[in-house]
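Undergrad: Structure below; questions to follow.
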Amino acid sequence: MRCMLALLLLNDIRPKDNDRLITMPLNGDYKYYRIYNSKGLRQFRGVEAGSDVITAARQINSPGTHIAVYCSPSQDSRYLRKYIAEGATELHDSSQFGFHQDISQETKCLEQIEAEFRSSPVTTDIPIRKFSEKIECSKSTIYSLAFQNHFCIQNNVDEILTPFNPHRRRIAIEFFFRMPHVVLNGKLILQTEANGLQTAMAWYQGYLNIFQKKKSLQTWYPVKRSLQDTEDFDYIIDYIAESFIELRSIKSLLTQGGNTISPTPTDAQTLREDHHVNKELYIKQQLGILRQKNLRLPESIAEGLIGPFVK
C-alpha cells in the first residue's frame, strides 16, 4: 500500500498564478515530493471507475489550504503523484514565480535596485528605505528577490536575514521584517500552542514552512532547515498529523513491516475488533473517518516579526 498527502492552496474564488498543489508521500519516498502551479485546478482529483485509488477528500467551496489523502494497494508513489497532479505544472524553484506578487512587479523593482547598485561603491550597503517607498518595491517584493539570490538583506547588528551569498550586494534594514510582509496573504495556518511555544505553518517564498516562537516573544523562526531539501517535508506531514490522528495512524502504519497490525485499545474500539487486522482494511477505515472531517486547514492573522533564515 502506498499513500500520499496532497495540499491544494487556493488564494481567491478565481484561479490565481500563485495557487499551489503539493504532493507528499507518506511512506518516505522523498523523490516524489513535488510543488506545482495548479493551473486552475479548483478541486482534488476524484476516484475514477476501474481505478483502485482510494481517497479522503472533501468538496472545496472556499479559498484556503486544503488537504486530501490518496492511497493505492497496487500502484507506486510515482503513479499516485502523477494521478494527483494531472494537468498541473511542476515548479522547480517556486520562489522565482512571483509567489507574493506579480512577476512584472518584481522585475520593475529589481531594475531599480540594480541601478542603485551600479551607481554606488560595491562595499556600500543600500538602505531598504531607498526602495520600499516605491510602488513596485514593497518589503515583500524586496524580501522575495533576496530569496532569488539577487542580493542579501542584512540588519543593523550584521545578521544576514536571507540565504547568504558572499558574492552578492547587500540591502540594509534596521531590525527584522514583519511576519505579515513575508508570508502569503499575511496568514498563518494551523497555529497551535503547547508549553509556552507557539507553532504555525505558512506559505513562505513559494514553499510551505513551519515557524515557532515563544509565546512571550515577538519573533518567529523558520523550523525547516532549507526551502529546497525534500526530506524536510516530513516536518510538515508530522505537524499536520498532530491535528488529524487518522493521518498520523496511516503514516505510522506504512512504516511497519508485514500486512497486519495489532490495534491499540483506541483503534480496537474504533474498529470494534480486538484481533490483528489487515493493513489495507485499516487504512480504508481511517480514510473513511478522515473524509468526514473539515479538511480545510484553519487560518489566523500573522503578527510579530520573522527572524533570520538559517540554511
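Residue numbering for the sequence shown follows the working numbering, beginning at 118 and increasing consecutively.
C-beta atoms are modelled at their ideal positions from N, C-alpha and C, and glycine is treated no differently.
(1) Taking all protein chains shown into account, do 16 or more other C-beta atoms lie within 10 angstroms of the C-beta of Gln-322, making it buried, or fewer, making it exposed?
(2) With distances taken from CA atoms, which of Asn-411, Leu-422, Ala-263 and Ile-290 is nearest His-284?
(3) Look at Leu-143 and Leu-124 and say whether their C-beta atoms are less than 9 Å apart.
(4) Within the same chain, show all residues whose beta-carbon is closer than 6 Å to that of His-298, passing over the 5 residues directly before and after it, in chain order.
(5) Quick one: what does DSSP say His-393 is sitting in, helix, strand or coil?
(6) Which residue's Cα is closest to the Cα of Leu-301: Asp-129, Arg-119 and Ile-353?
(7) Nearest-angstrom Cα distance between Ile-252 and Cys-226?
(8) Asn-326 bridges to which residues according to DSSP?
(9) Look up Phe-292 in the DSSP assignment and say whether it is helix, strand or coil.
(10) Thinking C-beta only, is Ile-357 closer than 9 Å to Leu-314?
(11) Using CA atoms only, rank isn't needed, just tell me which of Asp-275, Val-274, Thr-279 and Asn-273 is closest to His-267.
(12) Are the stretch 159 to 178 and the stretch 187 to 204 touching, with three or more C-beta to C-beta distances below 8 Å?
(13) If we ignore side chains and look at the alpha-carbon of each, how far apart do Glu-416 and Gly-303 end up?
(14) My output table needs one value for Leu-197: the three-state DSSP class, helix, strand or coil.
(15) What does the Cβ neighbour count give for His-392, buried or exposed, with the cut at 16 atoms within 10 Å?
(16) With distances taken Cα to Cα, identify the nearest neighbour of Lys-199 among Asn-273, Met-121 and Gln-229.
(17) For Gln-271, count neighbouring C-beta atoms within 10 Å of its own C-beta (all shown protein chains included) and say buried if the count is 16 or more, exposed if not.
TA: Reading off the structure:
(1) buried
(2) Ala-263
(3) no
(4) Lys-256 and Ser-257
(5) Residue confidence is low: His-393 scores 47 on pLDDT, short of 50, so the model does not pin down where it sits. Its coordinate-derived value is still stated next. Here His-393 sits in coil by DSSP.
(6) Asp-129
(7) 9 Å
(8) Ala-319
(9) coil
(10) no
(11) Thr-279
(12) yes
(13) 10 Å
(14) helix
(15) Unreliable positioning characterises His-392 in this predicted model, as indicated by a pLDDT of 40, which lies under 50. The coordinate reading is nonetheless provided below. Result: exposed.
(16) Met-121
(17) buried
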